[in-house]
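Residue numbers (the working numbering): 2 to 142. All C-beta atoms, glycine included, are put in the ideal place defined by N, C-alpha and C. None of the values given here were measured: they were computed from a predicted structure.
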């Protein structure tokens with residue numbers, strides 16, 4: 002019941018597909034980005050994750066397990082090499098967008114991750130936590 006109420010109060014319709022090469026970050030500290038500088042003009046908090054031994058479908062599946070299974074998120078959009086999930090914060094149910102982009106390389110894949118809040122001016126570290134936990138999950142496979 003409360004989840005429906007929170008969804009009405011804090012809609013997540015601003016979360017949708019983004020192009021990594023056109024990404025613009027806000028000046029508010031309410032997002033976290035792991036991407037190499039050759040992929041995006043946005044300032045990054047760290048580099049992309051190199052993944053060896055997983056194909057693109059396995060990467061999509063691992064991200065789905067994390068976003069939906071562990072965080073209770075919902076898929077908003079998925080393309081062949083990218084996707085976005087809506088994950089609501091545990092207590093106040095604010096919606097955050099968890100974005101990812103896959104770039105095939107000779108050795109495997111390079112994955113860029115981005116999480117942003119659409120409400121508020123600070124995320125209290127949630128977006129950092131989402132991205133770093135997913136990065137650790139992907140690197141452990």
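In this structure residue 96 is buried. Its beta-carbon is surrounded by 16 or more other beta-carbon atoms within 10 angstroms.
Annotation note: the stretch 30 to 112 contains the following uninterrupted alpha helix (DSSP H) runs of length 4 or greater, listed N- to C-terminal: 57 to 65. For the pair residue 128 and residue 33, the CB atoms are nearer than the 8 Å cut-off. Taking one beta carbon from each stretch, the stretch 116 to 123 and the stretch 65 to 80 have fewer than 3 pairs nearer than 8 Å; the two do not touch.
Residue environment analysis places residue 106 among the exposed positions, since fewer than 16 neighbouring C-beta atoms fall within 10 angstroms of its C-beta. Boundaries of the alpha helix (DSSP H) around residue 129: 127 to 140. The Cβ-Cβ distance between residue 103 and residue 135 does not fall below 8 Å. Secondary structure of residue 21 (DSSP, three-state): helix.
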